[in-house]
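Contents: one structure, followed by commentary.
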Amino acid sequence: MFTNFGLTLMVNHACNLRCTYCYTGSKFQRRMDLGTAKKAIDRAIASITDDGTIELGFFGGEPLVESGLILQLLDYVSLCAEKKSIRIVANITTNGTIVHEEAWQVMTHPHIFVAISCDGLPEVHDSCRITVDGKGTSSIVIATIQKLLAAQREFRVVMVVRPNNLSSVAKGIEYLFGLGVKQADLSLDLWTKWGRKDSLPLQAMIKECAQVWRKKLPTCGVNWFDEKTIKYAQIPTNKTARCSFGNGEIAVSPAGNLYPCERLIGEDSELNAMRMPGHVMDGKDNFLPQEQQNESCHEECRGCSIQSLCSTSCQCSNYIRTGKTREPDLLLCMVNKLCMEETLKALKTLT
Ligand code: SF4
Ligand code: SF4
Ligand code: SF4
Numbered sequence: 000m001f002t003n004f005g006l007t008l009m010v011n012h013a014c015n016l017r018c019t020y021c022y023t024g025s026k027f028q029r030r031m032d033l034g035t036a037k038k039a040i041d042r043a044i045a046s047i048t049d050d051g052t053i054e055l056g057f058f059g060g061e062p063l064v065e066s067g068l069i070l071q072l073l074d075y076v077s078l079c080a081e082k083k084s085i086r087i088v089a090n091i092t093t094n095g096t097i098v099h100e101e102a103w104q105v106m107t108h109p110h111i112f113v114a115i116s117c118d119g120l121p122e123v124h125d126s127c128r129i130t131v132d133g134k135g136t137s138s139i140v141i142a143t144i145q146k147l148l149a150a151q152r153e154f155r156v157v158m159v160v161r162p163n164n165l166s167s168v169a170k171g172i173e174y175l176f177g178l179g180v181k182q183a184d185l186s187l188d189l190w191t192k193w194g195r196k197d198s199l200p201l202q203a204m205i206k207e208c209a210q211v212w213r214k215k216l217p218t219c220g221v222n223w224f225d226e227k228t229i230k231y232a233q234i235p236t237n238k239t240a241r242c243s244f245g246n247g248e249i250a251v252s253p254a255g256n257l258y259p260c261e262r263l264i265g266e267d268s269e270l271n272a273m274r275m276p277g278h279v280m281d282g283k284d285n286f287l288p289q290e291q292q293n294e295s296c297h298e299e300c301r302g303c304s305i306q307s308l309c310s311t312s313c314q315c316s317n318y319i320r321t322g323k324t325r326e327p328d329l330l331l332c333m334v335n336k337l338c339m340e341e342t343l344k345a346l347k348t349l350t
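So in numbering that gives the first Met the number 0, spot 13 of the sequence shown is number 12, and the numbers just go up one at a time.
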């Protein structure tokens, strides 16, 4: 049994946007039916000890396409969790462009933590995050951010970092902080090609972002530097199911297929090597593992002096870059080392 269990439901492959760098595959209507979703929740709850925690995520496509279903599931999980005194931590990542009443109810639900995708400066956002007819979406996303701020909701903004926007990331964070956003999470585009020529601009970008982060401490945060500070200062954090990767954490596709992480579902093709054996409806009552996997860390990381501070434990990131879940590539290693370096430099100026 697990004390924390992560369950992410991909509620549909459909999305109202067509972002140029989307990694979840083609967009088509395949909705997760209520029975499949409830069964996934039942099995997750049955895998958790009394007084444990379920970390329930909603993913897509655009998950708010299924706002009604999500509201039903939030009610359902509350009922199931109550019987075992299980705590619920729910989260959703949305593109912030679906704003009808039910979507707003999801975004302001007491159990849910919201992440909004926004690439910072409007012109940068509009160059990639576009509607089906190619129109930029920054004005509507910013309006959603402002509405959440006015409602005094805590939320974070996820910004994608790509080779072609490196020079504007720090300005983008400043712009968001200027609006009142408190937490910016940088997300490296792992699916694109990064070349040698990107190395210096990437280095400069990390330096600039660390400076913006330093200036806004302690009111605002940027995940890449917050994480390093937490590790360096050995600040205790709540235990989380991420990244248990199939062993304490399961992602379910709309068709009920199982994956170790939602970022690997894509179009849920039969040929997807990351699809796990089994199916939500295969007659089992829980998600307890049949056998434990004990993979050791990557050979080249063993002698690394900052291994305990390294954040390359995201197994899907490693898989996407190298095809091996325990093997980070040079890009991930470099970003990690640079973030460590810039965080320490920034922290020294605080003393
Ligand atoms: S909003 Fe998300 S799922 Fe939709 S196209 Fe953009 S990145 Fe893909
Ligand atoms: S593989 Fe990465 S994205 Fe997926 S749960 Fe683990 S840490 Fe998170
Ligand atoms: S990925 Fe790089 S920084 Fe991290 S432990 Fe390995 S060698 Fe060290």
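In this text, a Cβ means the ideal position worked out from N, Cα and C, and glycines have one as well.
These numbers were taken from a predicted model, which means no experiment stands behind them.
Buried or exposed by the 16-neighbour rule on C-beta atoms within 10 Å, applied to residue i
i      : result
His99  : exposed
Lys238 : exposed
Pro288 : exposed
Ser138 : exposed
Asp118 : buried
Met106 : buried
Thr96  : buried
Val64  : buried
Thr35  : buried
Ser116 : buried
Ile44  : buried
Gly179 : exposed
Glu226 : buried
Leu329 : exposed
Ala102 : buried
Glu153 : exposed
Gly322 : exposed
Residue i: CB within 7 Å of a non-hydrogen atom of ligand 2
i      : result
Ser316 : yes
Arg325 : no
Ala266 : Sequence inspection shows Glu at residue 266; the Ala mentioned does not correspond to that position. No; taking the cut-off as 7 Å, the Cβ of Glu266 has no heavy atom of ligand 2 nearer than that.
Arg155 : no
Arg128 : no
Glu173 : no
Cys242 : yes
Glu100 : no
Glu226 : no
Cys260 : yes
Residue from the options whose Cα sits closest to the Cα of residue i
i      : options                         : result
Cys208 : Thr191, Asp267 and Phe176       : Phe176
Gln314 : Thr19, Leu8, Cys260 and Gly282  : Cys260
Ala345 : Thr2, Trp212, Gln233 and Ser312 : Trp212
Ser66  : Ile91, Pro327 and Val140        : Ile91
Ile69  : Asp32, Ala43 and Ile44          : Asp32
Leu359 : Leu337, Gly282, Lys215 and Phe4 : Since the first residue shown for the chain is 0 and the last is 350, residue 359 is missing from the structure and cannot be characterised.
Val168 : Ile85, His124 and Ile229        : His124
Met333 : Pro121, Cys300 and Glu266       : Cys300
Asn271 : Thr2, Ala142 and Thr23          : Thr23
Ligand 1 heavy atom lying under 7 Å from the CB of residue i
i      : result
Asn94  : yes
Ser84  : no
Cys14  : yes
Cys208 : no
Ser116 : yes
Gly322 : no
Gly135 : no
Glu61  : yes
Cys18  : yes
Thr239 : no
Cys219 : no
Thr236 : no
Thr348 : no
Contact with chain D by residue i, beta-carbon distance below 8 Å
i      : result
Pro109 : Note that chain D does not occur in the displayed structure, where there is just one protein chain.
Requested in this report: Answer yes if the stretch 184 to 200 comes into contact with the stretch 217 to 233, meaning at least three C-beta pairs across the two stretches below 8 Å, and no otherwise.
Outcome: yes
Query raised in the report: Which residues have a Cβ closer than 7 Å to any heavy atom of ligand 3, listed in chain order?
Result: Taken from the N-terminal end onward, the list reads His297, Glu299, Cys300, Cys303, Ile305, Gln306, Cys309, Thr311, Pro327, Leu331, Cys332, Asn335 and Lys336.
Query raised in the report: Just checking, does the stretch 308 to 326 make contact with the stretch 228 to 246 on the three C-beta pairs under 8 Å criterion?
Result: With three or more CB-CB distances shorter than 8 Å, the stretch 308 to 326 counts as touching the stretch 228 to 246.
Query - the stretch 54 to 62 touching the stretch 276 to 284, judged by at least three CB pairs closer than 8 Å - result: no
Query raised in the report: Touching or not, the stretch 248 to 262 and the stretch 4 to 14, by the rule of three or more beta carbon pairs under 8 Å?
Result: yes
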